[in-house]
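Q: I'd like to ask some things about the structure below.
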Amino acid sequence: MDWRVRFVDYPEQWRRQRDELLPIIEGTIAAGDLMLRQQLHDFEDHLAAFNSSRRAVGVSNCTDGLRLLAHALDVGPGDEVVTVAHTFIATVSPFVLRGATPVFVDIGPDHLMDTADLADKVTDRTKVIIPVHLNGRTADMVEVMKIAAQVGATVLEDAAQALGATLDGRTAGTFGLASTYSFYPAKLLGALGDGGAVLTDDEELAGRLLRLRDHGRVAKAEIDGWGYNCRLDNLQAAVLDYRLSRLPGWIDRRRQLARLYDERLRDLPDLGVPIGPDADARRRDVFQNYPVTTDARDRLAEHLRADGVETLISWPIPMHRQKGLGLAHWNLPHTELLCRRVLSLPLHPELEDWQIDHVTGSIRRFFGAG
Ligand SMILES: *Cc1c(COP(=O)(O)O)cnc(C)c1O
Numbered sequence: 008m009d010w011r012v013r014f015v016d017y018p019e020q021w022r023r024q025r026d027e028l029l030p031i032i033e034g035t036i037a038a039g040d041l042m043l044r045q046q047l048h049d050f051e052d053h054l055a056a057f058n059s060s061r062r063a064v065g066v067s068n069c070t071d072g073l074r075l076l077a078h079a080l081d082v083g084p085g086d087e088v089v090t091v092a093h094t095f096i097a098t099v100s101p102f103v104l105r106g107a108t109p110v111f112v113d114i115g116p117d118h119l120m121d122t123a124d125l126a127d128k129v130t131d132r133t134k135v136i137i138p139v140h141l142n143g144r145t146a147d148m149v150e151v152m153k154i155a156a157q158v159g160a161t162v163l164e165d166a167a168q169a170l171g172a173t174l175d176g177r178t179a180g181t182f183g184l185a186s187t188y189s190f191y192p193a194k195l196l197g198a199l200g201d202g203g204a205v206l207t208d209d210e211e212l213a214g215r216l217l218r219l220r221d222h223g224r225v226a227k228a229e230i231d232g233w234g235y236n237c238r239l240d241n242l243q244a245a246v247l248d249y250r251l252s253r254l255p256g257w258i259d260r261r262r263q264l265a266r267l268y269d270e271r272l273r274d275l276p277d278l279g280v281p282i283g284p285d286a287d288a289r290r291r292d293v294f295q296n297y298p299v300t301t302d303a304r305d306r307l308a309e310h311l312r313a314d315g316v317e318t319l320i321s322w323p324i325p326m327h328r329q330k331g332l333g334l335a336h337w338n339l340p341h342t343e344l345l346c347r348r349v350l351s352l353p354l355h356p357e358l359e360d361w362q363i364d365h366v367t368g369s370i371r372r373f374f375g376a377g
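Under the working numbering, think of the first position of the sequence shown as 8, with each following residue one higher.
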């Protein structure tokens, strides 16, 4: 396929970063800095500062970050973990695999946790509540924290898609006890492979996570408990530290591109667009994705494909409709409807304005709006 607009453009990303990244990669390898070295500590410090958190712990991926948190909080059988089904399976699996019962909340018009439904679904067995800041937009953390306090639940934020987003001037991921991030290559801040982090203001928790990610070690040969091997590779940390320094500019570009999409698509009556970057005074969204909605979703995706535009349907099958997960008893009408209607358009900082013209022109033609 000869794409004119890739959903994510890794070759273009590399072309633009090669001259700065190659010396970093070469220097890190040449020095033999491969595991738990200064590059990782520097990245953790810079990441914590970027997010206004006290501590950052680099881990192998976001899923493992949640796994370490589930362990640290001793989540187990009899505990209920309340989250959304409109998310990646990884938000839920680390808790289910420890024997907890997942409880699913439906979503609101912005594709995020519906806090009215959350209030109905928490119980005295609710141990953890996990809002997901999907598509680069912060969930309603004011309400979530209020509801969590009423039942004494711990809040963990899945911020895999929202590094740098804010609500009321406060950074996503700093409301709950801890938050997790993914550096999967397609994410806002991507590694050259897998990577993740846990951020927290709780020094004691950060210390436990540091030990859990490295076999329970407190020193080279001293172990204070059972642990895992969930380290963030030092080479990835070196790459991520460079990319983190560029992230503010990339987020600005993402917001600019979202503004262009918004201007050119929001008048179409049969297409739903995300809340625009300037439309919500309380939030600064970082647009990890640009999900549009339409009843003609599959035909629109095919039409765009024919015009050389690559799109993504993140979760065509709602999580609770996946066979083999034992979740078929859940009824989440808004989640199910969205999974039939949603389509993510390309949005990444390497996109040129002409490519947005190409995508929006194709969409307007599809809807007969020229
Ligand atoms: C990507 C993603 C994850 C998983 O991240 P990994 O680093 O691949 O483990 C979890 N939750 C959400 C919302 C994600 O988008």
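Cβ atoms here follow ideal geometry from the backbone N, Cα and C, with glycine treated the same way. Everything numeric in this text was worked out from a predicted model, so none of it was measured.
#1: For Phe374, which option in Phe14, Leu272, His327 has the closest C-alpha, if you only look at C-alpha atoms?
#2: Where do the N-terminal and C-terminal ends of the beta strand (DSSP E) with Lys134 fall, by residue?
#3: Which class does Thr161 belong to by DSSP, given the choice of helix, strand or coil?
#4: Cβ of Asn236 within 8 angstroms of any heavy atom in ligand 1?
#5: With the cut-off set at 9 angstroms, would you say His93 and Trp322 are in Cβ contact?
#6: Please classify Ser252 as buried or exposed, where buried requires at least 16 other C-beta atoms within 10 Å of its C-beta.
#7: Please specify which runs of the alpha helix (DSSP H), each continuous and at least 4 residues long, are wholly inside the stretch 144 to 209, giving them in chain order.
#8: Quick one: Cα of Ala204 to Cα of Leu354, how far?
#9: Measure how close the beta-carbons of Val82 and Thr90 come, nearest whole angstrom, since I'm counting them as under 8 angstroms.
#10: Checking 9 angstroms against the spacing of the C-beta atoms, do Pro298 and His118 come in under that value?
#11: Whose CA, out of Gly368, Leu125, Thr122, Arg74, lies closest to the CA of Val103?
#12: Say yes only if the C-beta of Asp287 is nearer than 8 angstroms to one or more non-hydrogen atoms of ligand 1, and no if none qualify.
#13: Hey, would you say the C-beta of Asp294 is under 8 angstroms away from at least one heavy atom of ligand 1?
#14: Out of Asp292, Leu350, His327, state which residue places its alpha-carbon closest to the alpha-carbon of Thr342.
#15: CB of Phe50 to nearest heavy atom of ligand 1: below 8 angstroms?
#16: Roughly how many whole angstroms lie between the Cα atoms of Leu70 and Asp9?
#17: If distances are taken between C-alpha atoms only, which option among Pro30, Ala160, Ile230 comes closest to Arg88?
#18: In the DSSP assignment, what are the bridge partners of Phe111?
#19: Consider the C-beta atom of Ala146 and the heavy atoms of ligand 1; say whether any pair is separated by less than 8 angstroms.
#20: For Leu332, does the three-state DSSP call read helix, strand or coil?
#21: Alpha carbon to alpha carbon, what distance is there between Phe95 and Leu195?
#22: Please confirm whether Asp305 has its beta-carbon closer than 9 angstroms to some beta-carbon of chain D.
#23: Answer with buried or exposed for Ile363, where buried requires no fewer than 16 other C-beta atoms within 10 angstroms of its C-beta.
#24: How would you write the range of the beta strand (DSSP E) that Pro298 sits in, first residue to last?
#25: Mapping the DSSP letters down to three states, classify Gly256 as helix, strand or coil.
A: In short, the structure shows the following:
#1: Leu272
#2: 133 to 137
#3: strand
#4: no
#5: yes
#6: exposed
#7: 148 to 158
#8: 23 angstroms
#9: Not a contact, Cβ separation roughly 12 angstroms.
#10: yes
#11: Arg74
#12: no
#13: According to the sequence as given, residue 294 is Phe; it is not Asp. Phe294: no, Cβ never under 8 angstroms from ligand 1.
#14: His327
#15: no
#16: It should be noted that the sequence gives Thr, not Leu, for residue 70. Between Thr70 and Asp9, the C-alpha separation is close to 33 angstroms.
#17: In the sequence on display, residue 88 carries Val and not Arg. Closest by alpha carbon: Ala160.
#18: Thr90
#19: no
#20: coil
#21: 16 angstroms
#22: Protein chains in the displayed structure number just one, and chain D is not present.
#23: buried
#24: 297 to 300
#25: helix
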